[in-house]
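Going by my numbering, the sequence shown opens with residue 1306, and the numbers climb by one from there. All C-beta atoms in this analysis are idealised placements derived from N, C-alpha and C, irrespective of residue type, glycine included.
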Amino acid sequence: MNMSQEKPETLEVPFSGYSMWPTFAPQQKLTFLLFTQPKPLSDFNESEFQEGDILLSYENKEWVAHRLLIHKNKKILKGDSSLVYNDNNNTLIFAKCLNSQSKLYTQTITNLSKQLISAHLLQRKFIRLKQYFISWVK
């Protein structure tokens, strides 16, 4: 009886861009564990990956490696140095990054990213409130 198990498939690619800086620098080689089949972010549960993991998705005709954050019970993908984030839970996830960072580093970057999201949302509310008052004064 052949008890050989299928080895998980990995993919190594050079990273480009600065959205994940300082975690990853341009041209740094990243290794991803490919999922057998891509599925929407909303379909994954906590046993498959956890907050702080870096996931590979395909957005706007580009492969994107961003960190998973959970903000107000919603799954979000965000670059470590980016102010914008993807909160579309239908985004297809293809792989998980295997390049490891220390647990402390991951927790720190995750917490900073969540604070940036909160500040960004607060700033948007402030701008809307300012526009309301300006229109009211006119």
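(message) Using CA atoms only, rank isn't needed, just tell me which of Leu1338, Asn1394, Gly1322 is closest to Glu1367.
(response) Here residue 1367 refers to the residue found at position 62 of the sequence shown. Measuring from the Cα of Glu1367, the nearest candidate turns out to be Gly1322.
(message) If contact is defined by three or more beta carbon pairs under 8 Å, each pair taking one atom from either stretch, is the stretch 1407-1418 in contact with the stretch 1331-1346?
(response) no
(request) Look at the alpha carbon of Leu1361 and the alpha carbon of Phe1337, and state the distance between them as a whole number of angstroms. (result) As a first step, residue 1361 must be located in the sequence shown, where it is residue number 56. As a first step, residue 1337 must be located in the sequence shown, where it is residue number 32. Going by the C-alpha atoms only, they are around 8 Å apart.
(request) Return the Cβ separation of Leu1388 and Leu1382 in integer angstroms, given the expectation that the two are a contact with Cβ distance under 8 Å. (result) Counting from one through the sequence shown, the residue named residue 1388 turns up at place 83. Counting from one through the sequence shown, the residue named residue 1382 turns up at place 77. In fact, because the Cβ distance is near 14 Å, the residues do not count as touching under 8 Å.
(request) Taking the CB atoms as reference points, tell me whether Thr1415 and Glu1356 lie closer together than 8 Å. (result) In the sequence shown, the residue the question calls residue 1415 occupies position 110. In the sequence shown, the residue the question calls residue 1356 occupies position 51. Yes, these two residues count as a Cβ contact at 8 Å.
(message) Could you give the first and the last residue of the continuous beta strand (DSSP E) run that contains Tyr1323?
(response) Residue 1323 sits at position 18 when you count from the first residue of the sequence shown. Careful: Tyr1323 lies outside any beta strand (DSSP E) and carries neither H nor E.
(request) Measure the alpha-carbon distance for Thr1341 versus Leu1434 and round it to whole angstroms. (result) Position 36 of the sequence shown, counted from the first residue, corresponds to residue 1341. Position 129 of the sequence shown, counted from the first residue, corresponds to residue 1434. So the two alpha carbons sit approximately 47 Å from each other.
(message) Can you find the residues in the same chain that come closer than 7 Å, C-beta to C-beta, to Ser1390, ignoring five residues on each side of it along the sequence?
(response) If you number the sequence shown from 1, residue 1390 lands on position 85. This sequence places Tyr at residue 1390; Ser is not what is there. Closer than 7 Å at Cβ, skipping near neighbours: Ile1381, Leu1382, Lys1383, Ile1422.
(message) Applying the 10 Å Cβ sphere with the 16-neighbour rule, what's the burial state of Met1306?
(response) Residue numbering aside, residue 1306 sits at position 1 when the sequence shown is read from its first letter. Caution is warranted here: a pLDDT of 41 is assigned to Met1306, below 50, making its placement in the model unreliable, and the coordinate value is therefore given only provisionally. Met1306 comes out exposed.
(request) For Ser1418, count neighbouring Cβ atoms within 10 angstroms of its own Cβ and tell me buried if that reaches 16, exposed if not. (result) Position 113 of the sequence shown, counted from the start, is the residue given in the question as residue 1418. Buried: at least 16 other Cβ atoms inside 10 Å.
(request) On the DSSP bridge assignment, give the partners of Val1318 in chain order. (result) Counting from 1 along the sequence shown, the entry for residue 1318 is found at position 13. DSSP lists Leu1335 as partners of Val1318.
(message) Check this for me: beta carbons of Pro1313 and Lys1334, under 8 Å apart or not?
(response) Locating residue 1313 in the sequence shown gives position 8, counting from the first residue. Locating residue 1334 in the sequence shown gives position 29, counting from the first residue. For Pro1313 and Lys1334, no; Cβs fall outside 8 Å.
(request) Assuming Thr1396 and Glu1351 form a contact by the criterion Cβ under 8 Å, report the distance between their Cβ atoms to the nearest whole angstrom. (result) In the sequence shown, the residue the question calls residue 1396 occupies position 91. In the sequence shown, the residue the question calls residue 1351 occupies position 46. Between Glu1351 and Thr1396 the Cβ distance is about 18 Å, and since that is not below 8 Å, they are no contact.
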